[in-house]
Each structure stands twice: as C-alpha cells, then as structure tokens.
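In this note's numbering, the protein residues as written are 12 to 325. Notes follow once the structure below has been shown.
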C-alpha cells in the first residue's frame with residue numbers, strides 16, 4: 012500500500028513494530044523494574060533514543076502494547092535455550108518435495124446452470140456467493156445499481172448493532188455501479204468482480220473518503236490517492252460500498268466508534284484487526300471484503316465470525 016511511503020504512513024508502521032526497539036532501548040531498565048508498568052516518561056526516553064516524537068495521545072495508545080510485548084518477552088525468557096541451539100534464520104512452509112505451480116490456479120468458475128429467479132424474499136440475496144451474483148448481473152436478473160443499493164441499505168440497517176462501518180461510500184459506489192451496468196450492457200466484461208459490491212478495511216487509503224486507521228488521532232485523516240489494492244478492485248469493476256472498521260491502529264476489534272460485534276453473538280466482539288470486514292461479510296452486508304494481516308488480523312476475525320478468510324503471501 013503506497014501510503015506506507017508517506018510521513019503519516021511511516022508513523023502508522025512505527026506503531027506496529029515500535030514496541031521492539033523501544034523495549035530494546037529500555038532493556039536494562041525493564042529488567043530492573045520488571046514488576047512495574049512502563050510509564051509515559053520511559054516511553055518518551057526510549058522515543059528519544061530512537062529519534063522519534065509522539066504526542067501525549069499517541070503515547071497513551073502505545074503504552075498498552077508496550078506492556079503486552081514486555082509481558083510476552085518475560086514469558087519467553089522463562090524457556091531455557093541452550094547456547095548451542097542455532098537461531099532460526101529461514102521459514103519454509105513447503106512440504107519436502109513440493110514444487111510451487113507456475114501457472115495461474117486461482118480462478119472462479121461460473122455456475123453451469125442459471126440461478127433461480129429472484130423472489131420477494133430478498134434476504135437470500137445477501138448471502139449468495141460472488142459467482143451467483145455475477146451470473147445474475149449477466150442474465151439481467153438484477154443491475155449493479157440495484158445490487159449496490161441493496162447492500163448499502165443493509166449496511167445502514169445493521170451497522171447500528173454491529174458497529175462495523177466507519178464510512179459509507181455511497182456516492183462513489185453508485186457512480187461505479189452505473190458505470191459497471193453501462194459497460195456490461197455494451198459487452199465489456201472486466202471479470203468475475205465486475206459490478207459486485209465490496210467493503211474495505213479502513214486501513215486502505217481512498218482519495219475521496221477518510222482513512223482513519225480506527226484511531227481517534229486519525230479520525231479526520233485523508234489521502235489524495237487510492238491504495239494499490241483499491242486501484243486493482245476498481246480496475247476489476249468491483250464496487251466499493253463502505254470503509255469498514257478495524258481495531259485502533261490495526262489491533263483488536265475496538266475502535267474510536269465502538270467495539271465491532273460478532274453477528275452470531277452481538278454481545279461479543281468480532282476479533283481483529285480486520286474486525287469490520289469479517290463482521291460485515293458474516294452478516295451479509297457485503298458479498299466480500301478486503302482485510303489485512305500481519306499477525307492474525309484476517310484469520311482471527313474470520314474464525315470468530317464464521318467466514319472464509321484468505322491470508323495471501325507477498
């Protein structure tokens with residue numbers, strides 16, 4: 012995502028891995044004061060060593076993560092490792108003898124038979140797969156504008172319970188949907204996602220809407236470009252209907268607007284950090300959604316909300 016090359020993008024990445032250099036910088040102090048919590052003053056001192064600056068609000072957000080990392084390091088130190096054990100320098104998950112295929116193998120087959128005509132029970136439409144929806148579009152059973160409006164209405168209705176939406180992108184979505192209908196009618200088919208609504212985790216930059224990272228200091232943040240993944244979705248003809256919630260700074264499921272809920276049990280959180288993406292798909296508010304993962308930010312909310320999550324490789 013190109014925003015990582017900007018100053019603000021760099022600050023976001025710092026939040027993700029800053030705990031490690033900060034704890035190294037304060038290593039001796041941490042050993043001597045292992046029973047005490049990391050203080051703002053200690054964080055400021057470590058920031059100075061790292062040549063960085065943060066305001067009070069950012070430091071307050073950083074402290075719980077520092078504490079979690081320190082506790083994790085303390086737990087790891089309880090495991091004795093002999094000096095003769097070599098460090099792990101490479102991770103290769105391939106089974107012995109496995110050869111990675113070189114041809115394209117990630118393709119969606121279209122249904123062989125036409126889907127049944129739509130009925131007055133519109134709730135079934137919410138949970139149909141992408142291939143079925145794509146076939147309906149090409150058979151003229153529904154237009155992209157109608158499909159987009161349908162999911163926008165579901166997002167508005169159920170977000171009050173699930174708190175999975177940060178920004179509805181209604182104006183953009185209806186523009187993209189009208190273009191998709193025109194192109195499909197003219198015989199221009201961009202592929203399986205053409206005309207299909209989707210949601211994107213509010214970590215992806217979009218030039219017409221805020222990109223908040225789910226954190227109070229950045230709730231009004233905006234970029235003048237689209238992230239590469241958003242560009243690719245537009246090239247494929249997909250329709251962006253919402254920027255979806257994420258735990259603050261891609262951690263957990265609590266953001267400045269509330270805790271994103273699990274549709275199966277709205278009293279509980281959806282896990283994170285791709286909290287809104289998993290929740291919205293599970294509740295049938297979007298046919299699919301984009302998330303991101305560093306540690307478990309796709310697979311964890313997918314497991315919690317009962318949806319399929321794909322963690323891609325680089």
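Heads up, the beta-carbon is just placed ideally off N, CA and C, and yes, glycines get one too.
C-alpha distance - residue i paired with residue j, whole-angstrom precision
i	j	result
residue 241	residue 220	12 angstroms
residue 171	residue 165	11 angstroms
residue 297	residue 83	37 angstroms
residue 299	residue 292	6 angstroms
residue 183	residue 52	45 angstroms
residue 215	residue 238	6 angstroms
residue 48	residue 74	9 angstroms
residue 191	residue 162	16 angstroms
residue 90	residue 81	15 angstroms
residue 229	residue 316	27 angstroms
residue 94	residue 208	55 angstroms
residue 197	residue 69	51 angstroms
residue 138	residue 202	20 angstroms
residue 66	residue 178	26 angstroms
residue 103	residue 97	16 angstroms
residue 168	residue 324	35 angstroms
residue 71	residue 56	14 angstroms
residue 50	residue 258	23 angstroms
Closer than 7 angstroms: residue i CB and nearest the ligand ZN heavy atom
i	result
residue 147	Absence of the ligand ZN is noted for the structure shown, with no ligands found whatsoever.
Close beta carbons around residue i, own chain, < 7 angstroms, minus the five adjacent residues each side
i	result
residue 306	none
residue 176	166, 170, 253, 255, 256 and 287
residue 128	152
residue 249	204, 207 and 209
residue 156	185, 188, 189 and 192
residue 126	143, 146 and 147
residue 150	125
Among the options, nearest to residue i - alpha-carbon criterion
i	options	result
residue 246	205, 79 and 146	205
residue 224	260, 138, 195 and 197	260
residue 134	295, 103 and 318	295
residue 226	270, 101 and 59	270
residue 174	272, 55 and 258	272
residue 212	132, 76 and 304	304
residue 267	92, 113 and 231	231
Where the alpha helix (DSSP H) through residue i begins and ends
i	result
residue 311	310-316
residue 155	155-173
residue 282	That residue, residue 282, is in no alpha helix (DSSP H); it is neither H nor E in DSSP.
residue 193	181-196
residue 7	Outside the modelled stretch of the chain, which goes from 12 to 325, sits residue 7, for which no answer is possible.
residue 60	51-61
residue 72	67-88
Burial state of residue i, where buried means 16 or more other Cβ atoms lie within 10 Å
i	result
residue 280	buried
residue 88	exposed
residue 275	exposed
residue 78	exposed
residue 312	buried
residue 234	buried
residue 111	exposed
residue 105	exposed
residue 222	buried
residue 62	exposed
residue 140	exposed
residue 54	buried
residue 100	exposed
residue 130	exposed
residue 159	buried
Neighbourhood of residue i by C-beta, 6 angstroms cutoff - its chain only, sequence neighbours within 5 removed
i	result
residue 309	285, 302, 320 and 322
residue 282	264, 311, 312 and 315
residue 318	289, 292 and 293
Residue range of the unbroken beta strand (DSSP E) whose run includes residue i
i	result
residue 236	No beta strand (DSSP E) contains residue 236, which DSSP labels as neither H nor E.
residue 250	250-255
Beta-carbon contacts of residue i that lie in its chain and below 8 angstroms, excluding the five residues immediately before and after
i	result
residue 9	This structure cannot speak to residue 9, because the chain is shown only from 12 to 325.
residue 44	Because residue 44 carries a pLDDT of 49, less than 50, the predicted location of this residue cannot be relied on, and the following value inherits that uncertainty. Closer than 8 angstroms at the Cβ level, and outside the excluded window around residue 44, lies no residue.
Chain D within 8 angstroms of residue i, Cβ atoms only
i	result
residue 102	Although the question refers to chain D, the structure presented lacks it and comprises just one protein chain.
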